[in-house]
């Protein structure tokens, strides 16, 4: 069986991007690299729908979040974090690791946070320096109401709205200025269709002002220093140049597709996936599902992790299982980045076979694929690619 | 003119490694990735000549040094750092950024540090928690006497010997246990023949014991957490999987060549380069030259940076110029990683042409190439590659 990577990260990397990265390596202090990096900076501004500088860091998304904590905050600062999933919990743990006072607003895994609960935490901690929330909580497949939370934060001049958009940016319509997001982070191995190894972060003027007072220790992840260098098309330390060459190509591909078309594709694939698994009699785990990844409760009658492991072992397909609190209980089907309609059909068909092998037969064969097909049919045309603009559109 | 990357980092990446990295991406939580990562761990132990775990981090070499500072030391700790170049100075600045007391032992750029000066600093600061020294100071081309310094540190149970071997590991014979190095760091884009984006670090038992008492803030770069995960062939955060696939291939290539042969090649290329530039009437900048990069004083009669810029602009060759204190005054010819005899001939021939164009004519045409050729002749055979061992030899 061919290997098929259909996970929420790393996501599949397009052949065009793979071959771009196989070009001979060049030095980062050359006019040729600097020209490419400048085009990437422009392309990232287009993708992030922002006029702000978008900084490229050589690390995972977690590293970029660390950069924000180190560069914008101080020991003892109060930080309100939204839990309810592995990544939301991580941002609380990281705040504690940096000697900050983490006020964790929790909610059951699978549910979206209540905006009122965050408002109560803000009212109880008017000195909070930041509210941290995942746009898409990858571990549960939930979309949190970050826009509504951002609206609460906007009125507070000393509080920053920090959003983990690692599996959201590029999936649906996000703009930091419009949405009131002061710190917006994503990683390369998600909707950006790249291998892991790069992370991206953009900061509002309010966030940059906070940087002047920040006392957390920092060196490698000093965002002010990075901004100064990246405006000159350089980085503070040797960057992952082959991944940046891949970024140039993946930005071109995204521009050829267009942002509205990209967002519509993700929405369509997500809708079809949800319809497909529900047609098999399965229950969605996320009460407020994100368009990046669909999390599904396994039938109670089959073995823990049977779908995830069965797909891995018998179909050579990598999706995602459950993590931590829901380990073994859910499986997660991804549809962000380099995914198309037939990938969804593929993963649903394979899931049907695995479910049947595991003894879950409460569905008509083909029911999942059929339900998805009906939705996918409407967008099932070969889309013409737009001319490459190679920078901000 | 073809583009030729002949710099001390990024260094050229072999075609075999480039194509390995162009394979479809796989997920890091799969048996296939874990098997590759285990082979890489074994191969790194072979390359580092150590029984210790060698940890792989997704960052530049600077990030790996930060990991050591964060994971092994505490605010207020005294750290003795050897300056005398851009990178030695960086480790002092980084110590200050982490609230530590950096005792900087300086020496003129281009000279190796005096072991006695480090001994005096150790005697004056018996509470020092670490001595930090570059094995090869890339900015000056100097090899520091880190073995002699390590011998001083070994007797002190509360002091760690930290060595930046970013342009030394794989170039000459280094073994942490034998040489008394407690923390040994390198980066992917040097002798390891990979693009930038990964760094590697290995710690002695003495260093791991220090980790238990370390109070510096850390999260992304928590080495104890990494060790726990990497022993299970996993990483704490999503790793740069395509670069790890390249690492597997580059380790195979190094094992096919063999460590003694690799060290001998680097020594031969370095000797030839030094002879070549001296035959042009030029003076070596490094008083104790490392075998990784040859730094050369420009003739006083030509324009600042004329050789570096001339090679870049007219030969499409990237070498390295001078940085900071010696900006414009020196140029640096590299010979670490994927370099062979004909690369040295190429760069010397191009340098001769540029020097002549710039008005420096105090040499017979071909003198540099000739002097280098005479030395290269002895090792000028097509070497048979050994069978791949795919792990520790």
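Protein chains in written order, with my numbering: chain E, 3 to 395; chain H, 3 to 395.
Cβ coordinates follow ideal geometry from the N, Cα and C atoms, glycine included.
So, does the CB of residue 16 of chain H fall closer than 8 Å to a CB anywhere in chain E?
no
How about residue 68 of chain E and residue 362 of chain H: do their beta carbons lie closer than 8 Å?
no
Whether residue 62 of chain E touches residue 60 of chain H by CB criterion (8 Å)
yes
Threshold first: 4 residues or longer. Then list the alpha helix (DSSP H) segments lying entirely within the segment 230-276 of chain E, N to C.
243-259
Compute every distance between the C-beta of residue 10 of chain E and the non-hydrogen atoms of the ligand PLP, then say whether any falls below 7 Å.
The ligand PLP is absent from the structure shown, which contains no ligand whatsoever.
To the nearest angstrom, how far is it from the Cα of residue 22 of chain E to the Cα of residue 86 of chain H?
39 Å
Going by DSSP, which residues form a beta bridge with residue 104 of chain H?
H/81
Please confirm whether residue 224 of chain E and residue 73 of chain E have their CB atoms less than 8 Å apart.
yes
If you check the beta carbons only, do residue 113 of chain E and residue 254 of chain E fall under 8 Å apart?
no
Going by beta carbon distance, what residues of the same chain come within less than 7 Å of residue 424 of chain E, once the five residues before and after it are set aside?
Chain E is shown from 3 up to 395; residue 424 of chain E falls before or after that span and cannot be answered.
Out of E/173, E/199, E/311 and E/187, state which residue places its alpha-carbon closest to the alpha-carbon of residue 2 of chain E.
Nothing in the structure corresponds to residue 2 of chain E, since chain E is present only between 3 and 395.
Can you check the segment 125-162 of chain H for any alpha helix (DSSP H) of at least 4 residues that lies completely inside it and give the ranges in chain order?
148-156
Look at the alpha carbon of residue 58 of chain H and the alpha carbon of residue 381 of chain H, and state the distance between them as a whole number of angstroms.
34 Å
Please confirm whether residue 239 of chain H has its beta-carbon closer than 8 Å to some beta-carbon of chain E.
yes
Specify the secondary structure class of residue 118 of chain H as computed by DSSP and reduced to three states.
helix
May I have the straight-line CA-CA distance separating residue 256 of chain H from residue 157 of chain H, to the nearest angstrom?
34 Å
Go ahead and pull the three-state DSSP assignment for residue 202 of chain H.
strand
The segment 304-330 of chain H: positions lying closer than 8 Å to chain E by Cβ:
314 and 320
Does the segment 238-249 of chain H come close enough to the segment 188-197 of chain H to have 3 or more Cβ pairs within less than 8 Å?
yes
In chain H, which residues lie less than 7 Å from residue 191 of chain E when you measure between Cβ atoms?
240
So, is the C-beta of residue 197 of chain E closer than 8 Å to a C-beta in chain H?
yes
CA nearest to the CA of residue 163 of chain E, picked from E/170, E/344, E/151 and E/169
E/151
Does any residue of chain H have a CB that is nearer than 8 Å to the CB of residue 341 of chain E?
no
Do the segment 18-36 of chain H and the segment 228-242 of chain H touch if we need at least three Cβ pairs shorter than 8 Å?
yes
From the DSSP output, in three-state form, read off residue 57 of chain E for me.
strand
Counting only beta-carbon atoms, is residue 219 of chain E nearer than 8 Å to chain H?
yes
Quick one: using the 10 Å Cβ neighbour count with 16 as the cut-off for buried, is residue 95 of chain H buried or exposed?
exposed
Report the residue from E/161, E/93 and E/105 whose alpha carbon sits nearest the alpha carbon of residue 167 of chain E.
E/93
Would the segment 75-82 of chain E count as touching the segment 127-134 of chain E if we require 3 or more Cβ pairs under 8 Å?
yes
Under 8 Å from the C-beta of residue 143 of chain H: neighbouring residues of chain E:
Residues of chain E passing the Cβ test: none, with the nearest at roughly 17 Å.
Please state the DSSP three-state secondary structure of residue 181 of chain H.
helix
So what does DSSP say about residue 175 of chain E, is it helix, strand or coil?
coil
Proximal residues of chain H, C-beta to C-beta of residue 29 of chain E below 7 Å
7, 9, 12 and 320
Can you tell me whether DSSP reads residue 220 of chain H as helix, strand or coil?
coil
Looking only at its own chain, which residues have a Cβ that is under 7 Å from the Cβ of residue 345 of chain H, when we skip the five neighbours before and after it?
8
The beta strand (DSSP E) enclosing residue 365 of chain H, as first and last residue numbers
First-last for residue 365 of chain H: undefined, no H or E at that position.
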